[in-house]
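Engineer: Just so we're aligned: 203 in the working numbering is position 203 of the sequence shown, and the numbers increase by one with no gaps anywhere.
Cβ atoms here follow ideal geometry from the backbone N, Cα and C, with glycine treated the same way.
Predicted model only: the values in this text are computed from it and were never measured.
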Amino acid sequence: MTPLRYQLALQTCAILYGATAIIGHQLSGSVVTTVLVRGLFAFLTLSLVLLISRKHALKPVSAANVAKLMVSGILLAVHWLCFFVSVNKGGIAISTLSFASFPAFVLLFDTLFFKERLTTTDVLVIALIALGLLLVTPAFSLSHDTTVGLLWGMASGMAYSLVVLYNRHNQTQLGAVQASWIQFLGISIALLPFGAANLGSYAINEWWLLAFLGVACTALAFTLFVYSLQGVPAKTASVVIALEPVYAIIMAWFFFAQVPTSKMVLGGLVILAAVMLSLRSVPPKPLTNPVKADSVGG
1 MTPLRYQLAL QTCAILYGAT AIIGHQLSGS VVTTVLVRGL FAFLTLSLVL
51 LISRKHALKP VSAANVAKLM VSGILLAVHW LCFFVSVNKG GIAISTLSFA
101 SFPAFVLLFD TLFFKERLTT TDVLVIALIA LGLLLVTPAF SLSHDTTVGL
151 LWGMASGMAY SLVVLYNRHN QTQLGAVQAS WIQFLGISIA LLPFGAANLG
201 SYAINEWWLL AFLGVACTAL AFTLFVYSLQ GVPAKTASVV IALEPVYAII
251 MAWFFFAQVP TSKMVLGGLV ILAAVMLSLR SVPPKPLTNP VKADSVGG
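What follows is the structure, given as structure tokens:
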């Protein structure tokens, strides 16, 4: 039986990832600046972890591996950018559910770029995700903000699938915390020229939200995920993290009275079923990289 502390760490991680959309919904600044600040806070938090923790001490790393992780970080930044645009345009439920379409993109890109054959289960996963997205789409018109938000959410899922595939084929053998630390540094460096000018656009109370986004919803959530893997199988952990949209929708309902329609709930259930099916069909692999483990949520 899995010790309770690992289960609690994992559930807390999923809740914090779900809270990402809640915070993004309340921020008024530029999306680019929001992602920049999120990356900076996460980088500084993991810097502290690496400084005080013997377990996660820095190891020598080659320039080639730093470059790989920087590229991975930039791809992750694109995912975050698309996700926050989706939140602003389509709302919390639409953004989290459309992002959950990423397993379909992983399967499609695997076939397109790496000549992997689609299995019957793979085809079923793609079909279920497509059906779920059709169900949650409120109107098939680009004049409808929610539809635009759904497309941005799908773009977020597509970008995240590129992160997953890139990391799968670019192993670094570094510890998870150090690898993620370099990725967050890459995000900060890449976006600083584009987002720094708008740092003064946030109200004081929004800086508390930004700090929570970077420290709790990113660095802490990731650290909890890595900790939970000491006592929870990676596949089980991935299934729990896949519940991120559920937690996000519940919080949106509680805090903002955003009640999902019955059609949206049905579509969400279909998408989640597809995600669970895709996770069950993946053979367990060792954890060598934080994002390769699909542990960084929206």
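Give a single yes or no on whether Trp208 has its beta carbon closer than 7 Å to a heavy atom of the ligand MN.
Structural biologist: Ligands are entirely absent from the displayed structure, and the ligand MN is therefore not among its contents.
Engineer: Give the C-beta separation of Ala320 and Phe184 to the nearest angstrom, bearing in mind that I take them to be a contact with Cβ-Cβ under 8 Å.
Structural biologist: With the chain covering 1 to 298 only, the question about residue 320 has no answer from this structure.
Engineer: Could you work out which residue in Lys115, Gln178, Val275 and Ala252 is closest to Val87 when comparing CA atoms only?
Structural biologist: Residue Ala252 is the option with its Cα nearest to Val87.
Engineer: One question on the structure: do Ala21 and Ala248 come within less than 8 Å of each other, judged by their Cβ atoms?
Structural biologist: The answer is yes: Cβ separation under 8 Å.
Engineer: Using 10 angstroms around the beta-carbon of Leu48, count the other beta-carbons present and answer buried if the total reaches 16, otherwise exposed.
Structural biologist: Result: exposed.
Engineer: What three-state label does DSSP hand Ser228 in the structure shown?
Structural biologist: Three-state result, Ser228: helix.
Engineer: If you count every other CB in all the chains shown that lies within 10 Å of the CB of Ala14, and 16 or more means buried, which is it?
Structural biologist: Buried, since its Cβ has 16 or more Cβ neighbours within 10 Å.
Engineer: For Phe105 and Glu244, I'd like the C-alpha separation in whole angstroms.
Structural biologist: Roughly 18 Å separates the two Cα atoms.
Engineer: Could you pull out every residue in the same chain whose Cβ sits closer than 7 Å to the Cβ of Val275, ignoring the five residues on either side in sequence?
Structural biologist: If we look at Val275 and ignore the five residues flanking it on each side, its Cβ neighbours are Ala100, Pro103 and Ala242.
Engineer: What three-state label does DSSP hand Tyr6 in the structure shown?
Structural biologist: Helix, per DSSP.
Engineer: Candidates Gln230, Gly157, Pro260 and Ala273: which alpha carbon is nearest Ala176's?
Structural biologist: Checked all of Gln230, Gly157, Pro260 and Ala273; the closest Cα to Ala176 is Gln230.
Engineer: Once the 5 residues before and after Phe212 are set aside, which same chain residues still bring their CB inside 7 Å of it?
Structural biologist: Only Ile23 meet the Cβ criterion.
Engineer: Give the single residue among Gln26, Tyr6, Val240 and Thr12 whose Cα lies nearest to the Cα of Glu206.
Structural biologist: Cα-wise, what sits closest to Glu206 is Gln26.
Engineer: Compare the C-alpha of Gly268 against each of Leu279, Gln171, Ala234 and Val136 and name the closest.
Structural biologist: Selected option, being the one with the closest Cα: Val136.
Engineer: If you draw a straight line from the C-alpha of Phe311 to the C-alpha of Gly214, how long is it?
Structural biologist: Here the chain has residues from 1 to 298 only, and residue 311 is not among them.
Engineer: Check the C-beta distance from Thr147 over to Ala139 and give it rounded, since I have them as a contact under 8 Å.
Structural biologist: Right, the Cβ-Cβ distance comes to about 6 Å (below 8 Å), so this counts as a contact.
Engineer: Measuring CB atoms only, is the segment 126-134 touching the segment 53-73, in the sense that at least three cross pairs come out at less than 8 Å?
Structural biologist: Short answer: they don't touch.
Engineer: Assuming Val163 and Ser72 are in contact, meaning their beta carbons sit under 8 Å apart, how far apart are those beta carbons, in whole angstroms?
Structural biologist: Right, the Cβ-Cβ distance comes to about 6 Å (below 8 Å), so this counts as a contact.
Engineer: If we call anything under 8 Å between Cβ atoms a contact, is Leu150 one with Ser201?
Structural biologist: No, the Cβ-Cβ distance between Leu150 and Ser201 is not below 8 Å.
Engineer: Among Pro3, Gly18 and Tyr6, which one has its Cα closest to the Cα of Ala216?
Structural biologist: Residue Gly18 is the option with its Cα nearest to Ala216.
Engineer: Can you list the alpha helix (DSSP H) stretches of 4 or more residues lying completely in the segment 94-169, in chain order?
Structural biologist: Listed in chain order, the complete alpha helix (DSSP H) runs (minimum 4 residues) inside the segment 94-169 are 102-114, 120-136 and 145-168.
Engineer: Tell me which same chain residues have a C-beta within less than 8 Å of the C-beta of Val259, skipping the five on either side of it?
Structural biologist: Counting only Cβ-Cβ distances below 8 Å, and skipping sequence neighbours, we find Trp253.
Engineer: In the DSSP assignment, find the unbroken alpha helix (DSSP H) run with Thr172 in it and report its ends.
Structural biologist: Neither: Thr172 is in no alpha helix (DSSP H) and is coded neither H nor E.
Engineer: Would Ile316 and Leu76 be called neighbours here (beta carbons separated by less than 8 Å)?
Structural biologist: A question about residue 316 goes unanswered here, because the residues of the chain that appear run from 1 up to 298.
Engineer: Can you give me the start and stop residues for the alpha helix (DSSP H) that Leu40 sits inside?
Structural biologist: Its alpha helix (DSSP H) spans residues Val31 to Ile52.
Engineer: Secondary structure at Pro233, three-state DSSP: helix, strand or coil?
Structural biologist: Coil.
Engineer: For Val259, which of helix, strand or coil comes out of DSSP?
Structural biologist: Coil.
Engineer: Enumerate in chain order the residues of its own chain whose CB-to-CB distance from Phe113 is below 8 Å, with the five nearest sequence positions on each side excluded.
Structural biologist: Around Phe113: Leu165.
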